[in-house]
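In this note's numbering, the protein residues as written are 344 to 481.
Even for Gly, the Cβ is constructed at its ideal location relative to N, Cα and C.
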Amino acid sequence: MITLDTYGAIYWPGDCTELSDATRMEIADTLDGGEVPISSISVLEVAQFAEIGRLALSIEDVWMVPVVTAIVMLAASMPPVLRVAQRLSAAHGTLGVPLATLDLRVRKLTQVETWDIERLLWRLQLTCVAGSSRLSGA
344 MITLDTYGAI YWPGDCTELS DATRMEIADT LDGGEVPISS ISVLEVAQFA EIGRLALSIE
404 DVWMVPVVTA IVMLAASMPP VLRVAQRLSA AHGTLGVPLA TLDLRVRKLT QVETWDIERL
464 LWRLQLTCVA GSSRLSGA
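Structure, rendered in structure tokens:
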């Protein structure tokens, strides 16, 4: 199972190459089990992107993870360099499933389990050369 942050949710359904093949395979495996968990704060961010015309997105089979008090408290303890939405999304990576994210600042958090390209390649025993993402560190 894998949890998606906002950018993971945006890039997953399309043909965009921002997500590695390994990440797409892990998402597909998670979908085989039923649903892909996404932080409910990501719904707000996606709606904001759609409102300003940067995105048209429809996602089916997605499980919205509620923002509960424990998540808010953990998010509040995260570094202020992250926006509130990033903190809330990252805090969902403490729910027992890793958070798939392109955001390097979120990957550096010690209290959140995240999957980066290197870990995905190890887990799936794949080899490839990962390119840089224009959203890395976003």
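Look at Leu387 here: in three-state DSSP terms it is helix. In the structure shown, the three-state DSSP call for Leu442 is strand. Apart from sequence neighbours up to five positions away, the residues of its chain that approach Ser432 with a beta-carbon distance below 7 Å are Asp348, Thr349, Ser382, Ile384 and Ser385, ordered along the chain. In the three-state DSSP reduction, Leu431 falls in the helix class (H, G or I). Around the Cβ of Asp375, a 10 Å sphere holds fewer than 16 other Cβ atoms; the residue is exposed.
By the Cβ-count criterion, Gly351 is buried, with 16 or more other Cβ atoms from all chains shown falling within 10 Å of its own Cβ. Boundaries of the alpha helix (DSSP H) harbouring Val449: Leu447 to Arg450, taken from the DSSP string.
Around the C-beta of Asp446, 16 or more other C-beta atoms lie within 10 Å, and the residue is accordingly described as buried. Cβ contact annotation for Thr437 (same chain, cutoff 7 Å, sequence separation greater than five): Leu417, Gln454 and Val455, in chain order.
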